[in-house]
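In this note's numbering, the protein residues as written are 1 to 151. Ideal Cβ placement from N, Cα and C applies to all residues, glycine included. Note that this is a predicted model, so its numbers are computed, not measured. Reading through the structure tokens given below for one structure.
Now the structure itself:
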């Protein structure tokens with residue numbers, strides 16, 4: 001019984017030592033990774049400042065040319081995207097124009113039919129000489145008037 005207890009103790013002690021070593025290795029790995037990420041962040045911040053035109057005093061001509069080329073590529077990408085959006089908008093407006101032209105044609109035809117409908121439903125306008133019996137030619141009031149009698 002005592003031998004088994006000693007064996008278990010030694011096995012657990014060995015596992016603890018391995019566990020500590022693994023934890024220390026993981027901690028060191030995380031520290032190294034953190035340091036790498038800090039360096040990358042610093043490089044990205046430097047690059048960002050250069051792209052914004054800041055901190056250019058320390059740049060060489062070659063570095064400035066690289067920044068200029070990068071900005072030109074970015075500007076070309078922006079312009080291409082803007083042109084794509086404009087073309088899509090133009091296509092949408094052309095479709096809208098077609099719909100409005102069709103609607104305009106439909107309304108124009110409907111409007112052309114309106115006089116026929118009005119002639120059926122509205123009273124006729126007659127000149128006074130035809131509408132009035134016993135018309136006096138010397139009478140000054142020669143304006144047309146509405147005749148509500150049906151034909």
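Rounded separation between residue i and residue j - CA only
i	j	result
residue 110	residue 79	46 angstroms
residue 166	residue 38	Because the chain here runs from 1 to 151, residue 166 falls outside it and cannot be looked at.
residue 47	residue 90	37 angstroms
residue 31	residue 16	22 angstroms
residue 76	residue 92	24 angstroms
residue 107	residue 98	14 angstroms
residue 59	residue 41	19 angstroms
residue 18	residue 33	22 angstroms
residue 94	residue 85	14 angstroms
residue 24	residue 14	15 angstroms
residue 22	residue 1	31 angstroms
residue 102	residue 53	53 angstroms
residue 113	residue 88	38 angstroms
residue 26	residue 36	15 angstroms
residue 104	residue 82	32 angstroms
residue 4	residue 20	24 angstroms
Whole-angstrom C-beta distance between residue j and residue i, which should lie under 8 angstroms
i	j	result
residue 67	residue 51	6 angstroms
residue 56	residue 43	About 16 angstroms separates the two Cβ atoms, so there is no contact after all.
Close Cβ partners of residue i (< 8 angstroms) along its chain, the five nearest in sequence each way excluded
i	result
residue 71	51
residue 28	none
Contact test: residue i Cβ vs the ligand SAM heavy atom, cutoff 7 angstroms
i	result
residue 39	With respect to small molecules bound, the structure shown includes none, and the ligand SAM cannot be examined in it.
Same chain only: Cβ atoms within 6 angstroms of residue i, ignoring 5 sequence neighbours per side
i	result
residue 10	none
residue 49	55
Quick check on the DSSP output: what are the complete alpha helix (DSSP H) runs of length 4 or more inside the stretch 14-68, in order along the chain?
For secondary structure counted as the alpha helix (DSSP H) over 4 or more consecutive residues, the stretch 14-68 holds no complete run.
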